[in-house]
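Structure, as structure tokens:
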Amino acid sequence: MTEWTASRGRGRFTALIFGGPALAGLAIFLVLPFLMALALTFTNQRLVSPQATEFVGLRNYERLLSVTALVQAPVDDGAGPVWPRVRDVTRADPAYAGYRPLTGFSLGTRRVTILAKDPAFLRALLNTFVFALLVVPLQCVAALGLALLVDAGLKGQTVFRAICFSPVVMSMVIVSVIWSFLFDRDLGLFNKALGMVSFGLIEPVDWLGDPRTAMPAIVIMSAWQGAGFQMLILLAGLQGISQELYDAARIDGANAVQRFRHITLPGLRQTIVFVLIVTTIAALGLFTQVDVMTGGGPRGSTGTVMFEAVQRGVREENISYGATIALIYFALITCVILLQQLWLRRRARRAA
Amino acid sequence: MTPTQRKTIPLRIALYALMACVALVFLFPFLFMLASSFKTNDQIFADLESMRALLPVGPLTGDNYARAFRLGNIGHYLFNSVLVTGITVALGLLVNSLAAFALARLEWRGKQAVLTLLVVLLVVPFEAISVPLMVLVASLPGLAIGANGIEITHSWLDTLYVQIVPFIANAFSIYLFYQFFRDIPKDLDEAAYVDGATPLQVYRHVIVPSSMPVFATVTILQGLAMWNQYLWPLITVPGEAARPLMVGMEQFFGARKTAWGEVMAYAALITIPVLAAFVFFQRWFVRSVVGSGVKG
Amino acid sequence: MPSSVELRDIRKSYGAADIIKGVSLTIAPGEFVVFVGPSGCGKSTLLRMIAGLEAISGGELRFDDRVVNDWDPARRNIGMVFQSYALYPHMTVEQNIGFGLKLAKRPKAELAERVEDALRVLQLGALRTHKPSQLSGGQRQRVAIGRAIVRNPNVFLFDEPLSNLDASLRGQMRMEIGKLHQRLKNTVIYVTHDQVEAMTLADRIVVLEGGHIRQVGTPLDLYEHPANRFVAGFIGTPTIGFLAARITGSGQDSVIVSPDTDPTRTTALPHRATTLPAGTAVTIGVRPEHCRLVPPDDATHTGMVVMLERLGADTFAFIDVVGAADPVAVRLDPGDRTTATGDRVGLTFDPATAHLFGPDDITIPSTRTVDAPFHAKQNP
């Protein structure tokens, strides 16, 4: 082979023909938009606008990420302590211009208010982290449990495996639609089941309408849909562990729990890390379920980073702002992957 | 697999019971969807009080399906989805495998750099570039068959192009092909070259026939991804003409939120083909998932 | 303390398939017994049943006269060395060896001391903090043995431990295992498909085929007095030569046979008696060292040399004998440099050294031997 393509000119030429279309496609539709996005974030371009686009530097980033705190001591107006209204402060004091309240708490007698220039985005960022924090352990632990169950050597495991994987094959849109019905406050199956089981003691929960339960509801549904995928990967990892290791452990006197701890878990370490990373990256990109089921609500409790990006960038036509959000999302993902690479390298160095 | 002979009877019964419960957990939304698609709204609500919600019992009707077809324009959206998925996957198989062949089997300067670039591109999530990509395609010229014959359009928005062309070249597919090709012994190539083959012939007669598993894997993964696409067509195909099935579903759901039976019928129509394919090709699906994961 | 191991009519079935069909055997404490046989004969299954890794479908297994059928592997206090070593990949050599003791919650001091001992005996001290992936095949093998000996088990089980090693390393490890046994004097049950290993290491060899014991005996016993055709063909390198023949009559303390191809040339096999009628088809077994090449006209059997195996010390000629299914091996005289491939030769052997197998493939025994070779009842 090297002889044929030895004349480097020839090799180059052939490679260009073979790889050209793909590379062109990737260049135009992947690299270019990425660079465009980067450029866009420094402008104020809108999708359609009578005005010309101008370069605004880091203003978009600043608007997205600015956070500050306002500490207020109480003022006694005779009828008891009172704290000045935040809105008055922001209007009056130029240092707080453009800021809106995000959340607040008390510190002794003083009120502390956290302000941000784009509280909706920061709330969405927080929501996204909360979602990832909830869904990743739930989905991965469930997937491990399923994999162990499938690997237990019982009859019907192929069918069982297929059943667990079937939600993965379905579009998230479909799953969201069906679960919307299941979550319905008055007519949803979940509330009906809760009512039956508790003999009417438990009130129907407005799963998707109550800010406290909306995100957990989406978490449960997402874990349900995705567990089958991780199950297959963990199952492959499980089946890669030599049966003889278990035999040796039994002879050494290990019971089932000890075998799980000393053989199964260590043997699955790499697979588990992979599964965690993949699930986390997917979780950070949460969009479809939110778009179909809750539209970011109620009261912004289910907004996510990507949802905000699409909302601002496309629906509100502020594409430069939307691109900025998308780029921050990309930075997030890159951090996660870098962390994983660092962790892997640290482990490799320790093992050597 | 752990030997089952040493499991005691009560343990096995407990495990089977657990399996049955878990299976039900994964099945019940389907069952609900299927059962409801055949019932009138009143019937659905009545059945909610019991397990009958999950079962297609009682007076069943096909009205929901008929209405979904009529009101939901399913036939048209289905055609769009099939076209988009089919063309993207087919062209993708060709384009991406050729690129992977160049990377795995040919020697040329700069190959290492391109490989590194490929791995980097794997990381870029689609959502991050979706917005600027939309801006890009909005200004790309295209061809369309209009009232005056073939004319040049100014934008790819609201077309089938926009759902197909950006996705033909796919970094992950190239990566999967590349990993698989690397495992094929080079001796086969060399024997072919000695026999007088050109690289293209080596690709066609040596690599491709030995690569059926990875072609199946890429077909399944890409096919599934294209069929289930939502975000992209949502933002780039606002109109009805080129709308794919998933967006149609969301529209239908949004418009007819209270017509449970119809929505379920629509959902069932979309889901059944994929489920059927899954049941048939189950082993291939499993291999695809595992193959994509193991290499990662 | 080494235990005795007794198998009483052990059976094993998977569903409808019978893998082990009634095996009975007594192993004395401190004995080194080798289970040998072709693939699929059930030797590994038998070993795993003794270990407690497979359930016993029927019969009794006793250690020191206690029935252990339902005992957990840990309770049986055995040590086992696996074909692929089965070392815990994420533990160091030290941790691998000490794992069983750690699970048994032995005091740290005792654990450390016993692990030290094992490391010293097997010369693994320098590798104690290494992980299995950093060790060579031979080193891993020793760690596996270390893990087995550190708990002072009553019975040692080896499951084809040398199969994964290079040929040169195998010889070396064989010696190490032999020396270890002499030193520790424990009861060892060793499974292999390599009869050279069996002949080298065993006090007694158990030949298995199709789930049955075909013969039990010392290595030389099996070589010189095979109980049946299978054992004769299995033990001995190069393989024994089989010649088809028929009984033509009997003499005083001898059986007269002649080859099918030439009924006129008869051979009298001395020191044998049989009640089988004339015309019965039988098989003659001849070891390579008992055969000689002669001019074709002088011999009862003729053939062509198809291959010469020059091993340095010995040269074996393989003869395609007329009427024999497989080539017959003949050990040539050291001085014979003329025999070449393609030669037509005659084969002759000393009748007293030949083995005779009846139509049921069982040896027609010599009338002379004081101790009849022990062989288990042939189960139908």
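Chains as they are written, first to last, in this note's numbering: chain A, 32 to 383; chain B, 236 to 531; chain C, 157 to 536. For glycine and all other residues, C-beta sits at the position ideal for the given N, C-alpha and C. The structure displayed is predicted, hence computed values, not measured ones.
Query: Tell me whether C:Arg-276 sits in a helix, a strand or coil according to DSSP, three-state version.; Result: helix
Query: Got a sec? Which residues, its chain only, sit under 7 angstroms from C:Thr-201 by beta carbon, not counting five neighbours each side?; Result: Lys-168, Ile-175, Ile-176, Glu-210
Query: Give me, in chain order, the residues of the same chain whose beta-carbon lies closer than 6 angstroms to that of A:Ala-280; leave out the 5 immediate sequence neighbours on both sides.; Result: Arg-290, Ile-294
Query: When you compare the CB positions of C:Val-249 and C:Leu-203, do they come within less than 9 angstroms of one another, or not?; Result: no
Query: Please list, in chain order, the chain A residues whose beta carbon lies closer than 9 angstroms to that of B:Ala-511.; Result: Result: empty, since nearest Cβ-Cβ is about 10 angstroms, beyond 9 angstroms.
Query: Hey, is A:Thr-45's beta-carbon within less than 9 angstroms of any beta-carbon in chain B?; Result: yes
Query: Would you kindly work out how many angstroms separate the C-alpha atoms of A:Ala-285 and C:Glu-269, rounded to a whole number?; Result: 21 angstroms
Query: Quickly, what does DSSP pair A:Asn-222 with across the bridge? List them, please.; Result: DSSP output for A:Asn-222 lists no bridge partner at all.
Query: Can you check the region 209–256 of chain C for any alpha helix (DSSP H) of at least 4 residues that lies completely inside it and give the ranges in chain order?; Result: 229–232
Query: Would the beta-carbon of C:Ser-160 fall within 9 angstroms of that of C:Thr-182?; Result: yes
Query: Pull up the distance between the alpha-carbon of A:Gly-129 and that of A:Tyr-92, whole angstroms please.; Result: 14 angstroms
Query: Would you say C:Gln-408 faces chain A, with C-beta separation under 9 angstroms as the test?; Result: no
Query: Expressed to the nearest angstrom, what Euclidean distance is found between the alpha-carbon atoms of A:Glu-34 and B:Thr-320?; Result: Interpretation of A:Glu-34 is limited by its pLDDT of 47, a score under 50 that renders its predicted location unreliable; the figure taken from the coordinates is listed afterwards. Each residue's alpha carbon lies about 40 angstroms from the other.
Query: Determine, using beta carbons only, whether A:Asp-283 comes closer than 9 angstroms to chain C.; Result: yes
Query: Of the choices A:Leu-47, A:Ala-53, A:Leu-164, A:Leu-71, whose alpha-carbon is the least far from that of A:Asn-349?; Result: A:Leu-71
Query: Give me, in chain order, the residues of the same chain whose beta-carbon lies closer than 6 angstroms to that of A:Glu-339; leave out the 5 immediate sequence neighbours on both sides.; Result: Phe-152, Ala-155, Ile-356
Query: Would a check of beta-carbon distances place A:Ile-303 closer than 9 angstroms to chain B?; Result: no
Query: What residues match up with C:Tyr-447 in a beta bridge as DSSP calls it?; Result: Reading off the sequence, residue 447 of chain C comes out as Cys, not Tyr. BP columns for C:Cys-447 point to C:Phe-505.
Query: Any beta-carbon of chain A closer than 9 angstroms to the one on B:Arg-247?; Result: yes
Query: So, is B:Phe-532 buried or exposed, given that buried needs 16 or more other C-beta atoms within 10 angstroms?; Result: The question about residue 532 of chain B has no answer, for chain B in this structure spans 236 to 531.
Query: Leaving out the 5 sequence neighbours to the left and right, which residues in its chain are closer than 8 angstroms to A:Thr-310 when beta-carbon positions are compared?; Result: Val-166, Val-167, Gln-170, Cys-171, Gly-257, Gln-261
Query: Would you say the beta carbon of B:Gln-457 is closer than 8 angstroms to some non-hydrogen atom of the ligand PLP?; Result: What this structure holds is no ligand at all, so the ligand PLP is not there to describe.
Query: With DSSP run on the structure shown, which of helix, strand or coil describes C:Leu-364?; Result: strand
Query: Give the DSSP bridge partners of C:His-511, in chain order.; Result: C:Gly-441
Query: Looking at C-beta atoms only, is the number of pairs between the region 292–307 of chain A and the region 459–466 of chain B that lie closer than 8 angstroms three or more?; Result: no
Query: Check whether the Cβ atoms of C:Gly-327 and C:Leu-357 sit closer than 9 angstroms, and answer yes or no.; Result: no
Query: Thinking just about the alpha-carbon of each residue, which of C:Ile-369, C:Ser-213, C:Leu-325, C:Ile-301 is nearest to the one in C:Phe-191?; Result: C:Ile-369
Query: Taking the alpha-carbon positions, what's the B:Tyr-501 to A:Arg-142 distance?; Result: 53 angstroms
Query: Counting only runs that start and end within the region 376–460 of chain C, where is the alpha helix (DSSP H) found for 4 or more residues in a row?; Result: 385–390
Query: Taking the straight line between their C-alpha atoms, what separation do you get for A:Ser-80 and A:Glu-347?; Result: 12 angstroms
Query: Using Cβ-Cβ distances below 8 angstroms, what residues of the region 359–379 of chain A are close to chain B?; Result: Tyr-360, Phe-361, Ile-364, Thr-365, Ile-368
Query: Measure from the alpha carbon of A:Cys-211 to the alpha carbon of each residue in A:Ser-253, A:Gln-274, A:Leu-175, then state which is nearest.; Result: Reading the sequence as shown, one finds Ser at residue 211 of chain A and not Cys. Residue A:Ser-253 is the option with its Cα nearest to A:Ser-211.
Query: Could one say the Cβ of A:Trp-210 lies closer than 9 angstroms to chain B's Cβ atoms, at least one of them?; Result: yes
Query: Using a Cβ cut-off of 7 angstroms, which residues of the region 225–251 of chain C contact any Cβ in chain A, in chain order?; Result: Pro-229, Ala-230, Ile-234, Met-236, Phe-238, Ser-240, Ala-242, Tyr-244, His-246
Query: What distance in whole Å lies between the Cβ atoms of B:Ala-432 and A:Leu-57, which are believed to be in contact at a cut-off of 8 angstroms?; Result: In fact, because the Cβ distance is near 28 angstroms, the residues do not count as touching under 8 angstroms.
Query: What residue ranges within the region 294–352 of chain A form continuous alpha helix (DSSP H) runs of no fewer than 4 residues, ordered along the chain?; Result: 296–315, 319–324, 336–341
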